[in-house]
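S.K.: Residue numbers (the numbering used here): 123 to 557.
For every residue, glycine included, the Cβ atom is placed at its ideal position computed from N, Cα and C.
A quick note: this is a predicted structure, and the numbers were derived from the prediction, not measured.
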């Protein structure tokens, strides 16, 4: 035993590993991840790093190669297409640094010094662990989980929920903050390298973020750099752009896109059958029939929008097979007083606020477990970095619990507004920094 406090993190994706790296010097850290394998073996989608994330990888988890190989964006190019007329303009990004890298590059950085499925030393990452219950008693957290048919209990002084928008821990503690649909779909994909890029999108190849605005909807396009060390093909479980076998291993740039489009929930059975979250991606693309449905639904969407999208850009989108479509969701605005939330043990003890009142003391939420993050093709990592630094400040005593909880409430309200506004943000002359 090290004599240090034990910290258990539920969720081993970017959010979980980021806070693990920041806390490993002062705590014995265990990360519980429900996936059967580490994500870096099959994820290679693009990821945006904003001011907070750049700070993390320059100062707190330094990786010179990650920053060196990232593509920094100095301007946003706007392509406005309304009633058959196309106009172009640019917006500088002087005050909001944004660069793009890959999910795999970030995840490999966060995996450094993490012991994988080994209890020989800390910090450690245990996969194939499905957390089923968490209870705070006798001044310690008891986190119950299963690995297959085997039942385990992990004890911790501090518990951090990093298990996504449908967080098991948050559902039991912050019952009023469950995601709801905002009326927008996010279609995401990658442009095949063989496609000739039209003049309107040439700025993407030069490192610009390009927004294509149309009547009531818009598309974001950006370029990422794929190194020769990354997998030669995007597999059926790839992040953001599954089942597209076009990853370039020669070190060249690749173009990704995200198309926000209005949708009434339940309006299309086809869409309902294919819309997924990240945690559902593996299972979805193991089913050949569902992959076929995705392609068929995508073709229907393209035909429906053919008269709305500039012809040259529509041709580019038509070349993309099997995009990933998600429903853009949001939490209810803000967090109320923790003692109004109920117990970690669930609705049967909803009048007991003892466990939940530990928020900011012994219980922390990070990533989408803390606040719904709009899916701006990978930009959520910057919000996660901001949260991770705030949690670290609280754990190190740089801020008190009241200040931390006030910050959480403000951030949750801000992220709620951003998520609700996702479908319209790209239509503004002023583009918010999350892009």
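Between the beta-carbon of residue 171 and the beta-carbon of residue 192, is there less than 8 angstroms?
M.R.: yes
S.K.: Should residue 339 go down as buried or exposed, given a rule of 16 or more other Cβ atoms within 10 Å for buried?
M.R.: buried
S.K.: With residue 233 and residue 169 assumed to form a contact (beta carbons below 8 angstroms), what rounded beta-carbon distance in angstroms separates them?
M.R.: Their Cβ separation, rounded to whole angstroms, is 15 angstroms, which puts residue 233 and residue 169 out of contact at 8 angstroms.
S.K.: Since I believe residue 342 is in contact with residue 380 (beta carbons under 8 angstroms), could you give me their beta-carbon distance rounded to a whole number of angstroms?
M.R.: Confirmed, about 5 angstroms.
S.K.: Rounded to a whole number of angstroms, what is the C-alpha to C-alpha distance between residue 451 and residue 304?
M.R.: 5 angstroms
S.K.: Quick check on this structure: which residue in 188, 150, 228 and 253 has the alpha carbon closest to the alpha carbon of residue 502?
M.R.: Relative to the Cα of residue 502, the nearest Cα in the group 188, 150, 228 and 253 belongs to 228.
S.K.: Along the chain, where does the beta strand (DSSP E) that runs through residue 131 open and close?
M.R.: DSSP places residue 131 in the uninterrupted beta strand (DSSP E) bounded by 128-132.
S.K.: Could you tell me whether the region 317-324 touches the region 142-155, where touching means 3 or more Cβ pairs closer than 8 angstroms?
M.R.: no
S.K.: For residue 509 and residue 187, what's the separation of their Cα atoms in angstroms?
M.R.: 24 angstroms
S.K.: Report all residues from its chain with a CB closer than 7 angstroms to the CB of residue 420; omit the five preceding and five following residues, and keep chain order.
M.R.: 445
S.K.: What residue from 493, 486, 243 and 329 has the CA that sits closest to residue 212's CA?
M.R.: 329
S.K.: Cα separation between residue 125 and residue 151?
M.R.: 13 angstroms
S.K.: For residue 532, count neighbouring C-beta atoms within 10 Å of its own C-beta (all shown protein chains included) and say buried if the count is 16 or more, exposed if not.
M.R.: exposed
S.K.: Going by C-alpha distance, which of 257, 253, 392 and 345 is nearest residue 155?
M.R.: Checked all of 257, 253, 392 and 345; the closest Cα to residue 155 is 253.
S.K.: Quick one, which of 311, 198 and 327 has its alpha-carbon nearest residue 318's?
M.R.: 327
S.K.: Please state the DSSP three-state secondary structure of residue 291.
M.R.: helix
S.K.: Whole angstroms are fine: how far does the CA of residue 130 sit from the CA of residue 214?
M.R.: 42 angstroms
S.K.: Taking 7 angstroms as the limit between beta carbons, can you name the residues of its chain near residue 529, skipping five residues before and five after?
M.R.: 512
S.K.: Of the choices 173, 314 and 507, whose alpha-carbon is the least far from that of residue 376?
M.R.: Selection 173, 314 and 507 evaluated against residue 376 yields 314 as nearest (Cα-Cα).
S.K.: In three-state terms, what does DSSP make of residue 415?
M.R.: When DSSP states are grouped into helix, strand and coil, residue 415 belongs to the helix group.
S.K.: Alpha carbons only, please: which of 396, 524, 132 and 483 is nearest the one belonging to residue 275?
M.R.: 132
S.K.: Any heavy atom of the ligand MN inside 7 angstroms of the beta-carbon of residue 191?
M.R.: No copy of the ligand MN occurs in the structure displayed, which carries no ligand at all.
S.K.: Could you tell me which residues DSSP puts in a beta bridge with residue 195?
M.R.: Residue 195 is bridged to 220.
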